[in-house]
Each structure stands twice: as C-alpha cells, then as structure tokens.
Amino acid sequence: MTQTTYDNLSGRTALVTGAASGMGEATARLLAANGARVALLARRADRLTELAAKIGADGGQALALPTDITDQASVDAAAERVHAAYGRVDLVVNAAGVMLPNPVTDGRADEWQRMLDTNVAGALRVIRAVTSDLIETAAAGGTADLVNISSIGAHVPFPNYAVYGATKAALTYLSQSLRTELGPLDVRVTNIEPGLTESELASHVDNAELSGQLDGMFEALTGLASDDIADLIAYTTSRPRHVNLRQAVLLPTRQA
Numbered sequence: 008m009t010q011t012t013y014d015n016l017s018g019r020t021a022l023v024t025g026a027a028s029g030m031g032e033a034t035a036r037l038l039a040a041n042g043a044r045v046a047l048l049a050r051r052a053d054r055l056t057e058l059a060a061k062i063g064a065d066g067g068q069a070l071a072l073p074t075d076i077t078d079q080a081s082v083d084a085a086a087e088r089v090h091a092a093y094g095r096v097d098l099v100v101n102a103a104g105v106m107l108p109n110p111v112t113d114g115r116a117d118e119w120q121r122m123l124d125t126n127v128a129g130a131l132r133v134i135r136a137v138t139s140d141l142i143e144t145a146a147a148g149g150t151a152d153l154v155n156i157s158s159i160g161a162h163v164p165f166p167n168y169a170v171y172g173a174t175k176a177a178l179t180y181l182s183q184s185l186r187t188e189l190g191p192l193d194v195r196v197t198n199i200e201p202g203l204t205e206s207e208l209a210s211h212v213d214n215a216e217l218s219g220q221l222d223g224m225f226e227a228l229t230g231l232a233s234d235d236i237a238d239l240i241a242y243t244t245s246r247p248r249h250v251n252l253r254q255a256v257l258l259p260t261r262q263a
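Structural data, given as structure tokens:
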C-alpha cells in the first residue's frame, strides 16, 4: 500500500467497530498511525488487546473495548469508556459485519437474524451512542465523520446473497438519509461499498459450494486488500470539514 500521511487526522478521536480483523483492523491501524486516538470495538478481547499493543508499540494510542454491537448496553458501556479515556468521539467507522450466504429457500432464519442484528441494527446502536458527540464536535467547529462500510451487494444482486445484500442496501439507504439530517449540522456521512475484498467474512460461510465460488472469484479477480479500504477511509476523513466524499464504490479492477 502506498504510504500517505493524512495530517488532518492527528488529534482526532476515532471509534472503529469490527476492529479485531479485516477492514476494521486495517482502518484502526492507519488512523492511529496518523495521530488519531482509536477506540477498538469488537467481540474478541484477545485480538483487540493484541492490536492495541501493536499500535502502542508503533507510537500510537488505542483502547481495546470488547463489545457486542448486538447489545445496546454493551455499546453504551464502550462509549462511556471512550469518553472517560479520550473525551468526545469525532470519527466513527462502522466496519463490523457478517456475511452468511445461502439460498432463501433454505430458510436459515438464524443467519438472517444474525445479519440483521449486526449489519443493520448493530450500526444503528453505535450511531445512537455517538451521534451527539459528532453533532457537538461540528458545532464547536471541529471535523465530524460517520463512515459506514456497506457493500457492492447493496445494489448488485448475487444469487444466494439476498439477505446479506438486503442488509447492506439498508445500510446504504441509512447513510443517504442520515446525510439529510446530519449534513446541515456539518456532520459528514460517508458510505463505502467495497467489492471483492480479503477479510474474514468469507470464513463465516458454511456452504461449501458458495465458499468454493468465493475462492474462485479471488483467484480470477484479484480481490482488494483491507488496507485499500482503510486508505480510502483515511483519505475521506482527512479532507477539509466542508468536503464530504459521500459515496464511494471501490472494486478490484477486474471486477469493475
């Protein structure tokens, strides 16, 4: 990845969900490397502790906060700890997500609920916990960002990914609608829709045929790295506060 310095990130306080792996981890590391204090939210405490230690060893600041975003009390408790340690949050990245493809005819209601709870309601719980921080930051003349990581699946249908795509379409629409509410308050809302990207999402798939299809796509298309998504997020959130890169579709060249 090209090493770019994003000076405007220095001194900011970021909250990143899904920080234990993939896009969330890569984003947290890049924000911290450019001077942001980063609150790391995910369920796996060991991974967060390890990441916080690495960031600290590299001269950055990070706080490991084991959090279940399907539980509002857990999210609120994490927000309180961030406030106690770092103060007001001014940069939020909703990177947590699960992808569980299967034919709708399989009736996997357990998977449907998990995706809805994490990909849609989970993002909303985080937004609920920190929106007042973003509004107060902007009102005081600071830069305030909400970044939601959706998916190209939000508007490009793939067989057997109907429910996953529906949750991401909901997140994309949520971003669009929130922009009408928060934009006039000088809070930027950015929605990012990556295409094929290396992450742990593929490891959640319990359908051998669909898992094999994903492997074949990576071989044929050369997927993006999580660092590519992190680079875009760092670029977007380091623009002058009056500039909102509102929507970005990021695809491997062979998929575009």
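Taking this note's numbering, the leading residue of the sequence shown gets 8, the next gets one more, and so forth.
Glycine included, every Cβ here is placed at the ideal spot set by N, Cα and C.
What you are looking at is a predicted structure, and each value in this text was computed from that prediction instead of being measured.
Between the CA atoms of residue j and residue i - distance to the nearest angstrom
i: ALA60; j: LEU141; result: 27 Å
i: LEU192; j: GLY230; result: 37 Å
i: LEU4; j: LEU123; result: The shown model of the chain, from 8 to 263, leaves out residue 4, and the question about it has no answer.
i: VAL105; j: ALA173; result: 13 Å
i: GLU205; j: GLN220; result: 14 Å
i: ARG115; j: HIS249; result: 44 Å
i: ASP234; j: ARG36; result: 9 Å
i: ASP65; j: ALA71; result: 16 Å
i: VAL163; j: GLN262; result: 12 Å
i: ALA102; j: ALA85; result: 16 Å
i: ALA130; j: GLY149; result: 23 Å
i: ILE240; j: VAL256; result: 12 Å
i: ALA151; j: SER218; result: 38 Å
i: PRO247; j: MET30; result: 24 Å
i: GLU118; j: THR56; result: 28 Å
i: ARG132; j: ASP78; result: 8 Å
i: GLU216; j: ARG54; result: 30 Å
i: GLU143; j: GLU188; result: 14 Å
i: GLU87; j: ASP113; result: 41 Å
i: GLN120; j: PHE165; result: 19 Å
i: SER184; j: ILE134; result: 13 Å
i: ALA91; j: ALA147; result: 20 Å
Short Cβ contact (8 Å threshold) for residue i with residue j
i: VAL154; j: VAL194; result: no
i: ARG253; j: THR179; result: no
i: LEU48; j: THR74; result: yes
i: ILE76; j: THR138; result: no
i: ASN109; j: ASN167; result: yes
i: ASP83; j: ALA136; result: yes
i: VAL212; j: ALA177; result: no
i: ARG4; j: ALA80; result: A query on residue 4 cannot be resolved here, the shown segment of the chain reaching from 8 to 263 and no further.
i: VAL111; j: ALA169; result: yes
Nonlocal neighbours in the same chain, by C-beta distance under 6 Å from residue i, ignoring five residues either side
i: THR9; result: With a pLDDT of only 45 at THR9, under 50, the local geometry of the prediction cannot be trusted, and no value is derived from it.
i: ILE62; result: ALA39 and ALA69
i: ARG44; result: THR20, GLN68 and TYR93
i: SER245; result: TYR13, ASN15 and LEU16
i: SER182; result: ASN155, VAL196 and ASN198
i: GLU33; result: This sequence places Ala at residue 33; Glu is not what is there. Taken in chain order, the residues that qualify are SER233, ASP234 and ALA237.
i: TYR242; result: none
i: ASN214; result: ASN109
Contacting residues, own chain, Cβ-Cβ under 7 Å from residue i (five flanking each side not counted)
i: SER158; result: LYS175, GLU200 and PRO201
i: LEU203; result: MET224, PHE225, LEU228, GLY230, LEU231, PRO259 and GLN262
i: GLY18; result: GLY42
i: ARG186; result: VAL196 and ARG253
i: ALA145; result: ALA151, LEU192, ASP193 and VAL194
i: TYR171; result: MET106, LEU107, PRO108, MET122 and GLY160
i: THR125; result: ILE76, THR77, ALA103, GLY104 and VAL105
Distance cut-off 7 Å: residue i Cβ against heavy atoms of the ligand FMN
i: LEU72; result: No copy of the ligand FMN occurs in the structure displayed, which carries no ligand at all.
Close Cβ partners of residue i (< 8 Å) along its chain, the five nearest in sequence each way excluded
i: VAL89; result: THR20, LEU22, ALA46, LEU70, LEU72 and VAL96
i: ASN283; result: One cannot answer for residue 283 here, as it falls past the ends of the chain, which runs 8 to 263.
Item to check | Ordered list of alpha helix (DSSP H) runs contained in the segment 100-173, each at least 4 residues | outcome: Secondary structure within the segment 100-173: the alpha helix (DSSP H) runs of 4 or more consecutive residues, fully enclosed, are 116-122 and 130-146 (chain order).
Checklist entry - What runs of the alpha helix (DSSP H), each 4 residues or longer, lie entirely inside the segment 32-82? => result 52-64
Checklist entry - Fully enclosed by the segment 169-248, which beta strand (DSSP E) runs are 3 residues long or longer? => result Along the length of the segment 169-248, whole beta strand (DSSP E) runs at least 3 residues long occupy 194-201, reported in chain order.
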